Every structure is written in structure tokens, then in C-alpha cells.
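In the numbering used here, the protein residues as written are 59 to 369.
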């Protein structure tokens, strides 16, 4: 595939993604407090160009996210002033502006991009005030089922309802209905630290992704062709998964063989799914596909799967 060319195979999921998914195998697993992670290994390959995460770019003051001049709920402005690409994941939380937002889809922002329109949802229903235009990342990724709502292109009201559901289960009310309030709760932070201590530092060598379950319930899969990029994004992905576990009474006993088979079937079904391909906001192409009970989104650039999610 030449630079700028769409992934081939607009029917069956683009051939680059299909080949990658067909080569993924399910590796070791670890379980803690009812949350289970299976490490995933696939066809390797460094990213086609250097990629920084949202948090890395913000720490270097290379990425700016602001309200539009005429502010709207569903769109912000993103600009990469640095010399390397920056990856924004669907589900990353942006705090500030007139209300907190959540990134709608994966975006690979090119170097020195100039202003680009960034599609978002609101995750703070009760606020539309503030003199500042700027946003700051909170190193927070939305819980997988909230991310799944976005893959469905849900109405804004449905996203607010999902935020409210999580807030009630976590007993984390907010005067403005902010999703961030869940992560600000001390008990949630303690729960996340407990899981991170047990699982977070145990990425097996060569892992390029993970499949997560709460008890026997599938939570989500995230995959990267570049294992180093996965390792840098993993802490945020794990913290997001802990929100699905928090406040639930679950059995620590798992059917390891059954869960493993479930992941293998999801990967097989995804590789053979019919998908649609469209150009992303920044660099690369977005491949969207639907399974019987899940949805998938992948960002492909220069024949590499930058990131794929099944939720």
C-alpha cells in the first residue's frame, strides 16, 4: 500500500488489518480481584514513524487542544506543533474549556499539523462556562463500555446517560455530571493502585495488546502493531478497565480456557468481518466493523495497524 492510499479490501476488513488480526495469538494471562488480562502477541513491526502519546506530547508542550472560536459541544481544535506524530485514542478525556470532552475516534496528528477539527463528545453535562479555551489531558481513558457507546455513534444524551450510570455505581456524584469525578474519588484511586500493583508492571515480553475481562464478562481488546507504543499506553488502558470492576461483586474464580476461547473467536470474527474504510482526521485510515455483540475500530497508516480496539 502506498503512502496515503486506503487499506485495500473495503468489504472484508482492510487487508492490512486482516493480516494483522489473523496473526495475533493469545498468550499468558493474569488475574487479580476478578479482573483478568490476556496478553496478545501479533505480527511485529515498529511504527512507520515516531509516535508520541497524547500525554507525552502535552508534557513536551507540543500539542494544543482548544475550543473553536465559536464553541460547539461536538468539536474542538487540535494542533501538533512538534516534529513527530501524536496519537489521540478514542476515549481519552480532555479537561477544561467550557466543559470536559472525550475524543470520539482515534486520531494520528501529523507533525506541525496546523489546526485540525477534533470530533468529541461531552462528558460533563452540567457545565457550559469558562473563559479559558484550553484543555489539558488527565491521563484518563474512558471505561470500555463508554468507549463502546462512542463506536456506536450514539446520541449525546446516551453518552451522558452512560456517564451517569458509571457515576452512580461508583457513588461519585458531581455537581456538573463530570466523568472525571469518578477518577477523582479516593476509593477509586486506591482500587486502581491495587490493580496496577498486581497487574500493571507485569507486561510479558513481546506483548502488543491485551484482552480484559471482569469475571466472565468481556470488557475489551486493545492491540498495537508496535509493542513499545502498547507498553506506553497500557497504564491508561488498565486504569480504564478497573472502572468496569469497581463497585461490582465478582467471583475470583475464572474459566481460563473458556475466556481464552472467547478471545480467539473474537479475533477470528474480526479478521473476517465486513468493514467500512474512511480517511481519519489526521494521518491514516479508520476501519470500522461490527460483530454480533461487539464493535471494532482500527487506525491504519502506512500498512501498519497503529491501534485497534474491539469493545
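Note that the Cβ used here is the ideal one computed from N, Cα and C, for glycine as well. It should be emphasised that the depicted structure is a prediction, and the values quoted were computed from it without experimental measurement.
Where the alpha helix (DSSP H) containing residue 288 begins and where it ends
Stepping through the chain shown from its first residue, residue 288 is reached at position 230. Where residue 288 is concerned, the enclosing alpha helix (DSSP H) stretches over 285-303.
Per DSSP, what kind of secondary structure is residue 220 in: helix, strand or coil?
Counting from 1 along the chain shown, the entry for residue 220 is found at position 162. The answer is helix: DSSP assigns residue 220 an H, G or I state.
What is the rounded straight-line gap between the Cα of residue 62 and the Cα of residue 195?
Locating residue 62 in the chain shown gives position 4, counting from the first residue. Locating residue 195 in the chain shown gives position 137, counting from the first residue. In this prediction, residue 62 scores a pLDDT of 48, lower than 50, which makes its location untrustworthy; no coordinate-derived value is stated.
Counting Cβ pairs closer than 8 angstroms, one from the segment 169-176 and one from the segment 193-208, do we hit at least three?
no
Restricting to Cα atoms, I'd like to know which of 308, 341 and 301 is closest to residue 273.
For this step, residue 273 is matched to residue 215 along the chain shown. Nearest of 308, 341 and 301 to residue 273, Cα basis: 308.
Taking DSSP as the reference, what is the three-state secondary structure of residue 183?
Residue mapping note: residue 183 aligns to position 125 of the chain shown, counting from 1. Coil, per DSSP.
Please check the pair residue 96 and residue 84, which I expect to be a contact at CB under 8 angstroms, by giving their CB distance rounded to whole angstroms.
Along the chain shown, read from residue 1 onward, the residue named residue 96 stands at position 38. Along the chain shown, read from residue 1 onward, the residue named residue 84 stands at position 26. About 5 angstroms separates the two Cβ atoms, so the contact holds.
Touch check for the segment 244-261 and the segment 212-223: three-plus C-beta pairs under 8 angstroms?
The answer is no - the segment 212-223 does not touch the segment 244-261, with fewer than three Cβ pairs under 8 angstroms.
Can you grab the Cα-Cα spacing for the pair residue 86 / residue 311, in whole Å?
In the chain shown, residue 86 corresponds to position 28, counting from 1. In the chain shown, residue 311 corresponds to position 253, counting from 1. Approximately 17 angstroms, taken between the alpha carbons.
Can residue 267 and residue 280 be called in contact, C-beta distance under 8 angstroms?
Numbered from 1 along the chain shown, position 209 holds the residue referred to as residue 267. Numbered from 1 along the chain shown, position 222 holds the residue referred to as residue 280. With contacts defined as CB atoms closer than 8 angstroms, residue 267 and residue 280 qualify as a contacting pair.
Are the CB atoms of residue 157 and residue 185 nearer to each other than 8 angstroms?
Translated into the one-based positions of the chain shown, residue 157 becomes position 99. Translated into the one-based positions of the chain shown, residue 185 becomes position 127. Pairing residue 157 with residue 185 gives a Cβ-Cβ distance under 8 angstroms.
Report the rounded CA-to-CA distance for residue 234 versus residue 105, giving the unit in angstroms.
The residue given as residue 234 occupies position 176 in the chain shown. The residue given as residue 105 occupies position 47 in the chain shown. Taking the straight line from one Cα to the other gives about 40 angstroms.
By the 10 Å Cβ neighbour count, where 16 or more other Cβ atoms means buried, how is residue 242 classified, buried or exposed?
For the purposes of this step, residue 242 is identified with residue 184 of the chain shown, where counting begins at 1. Its Cβ having fewer than 16 others within 10 Å, residue 242 is exposed.
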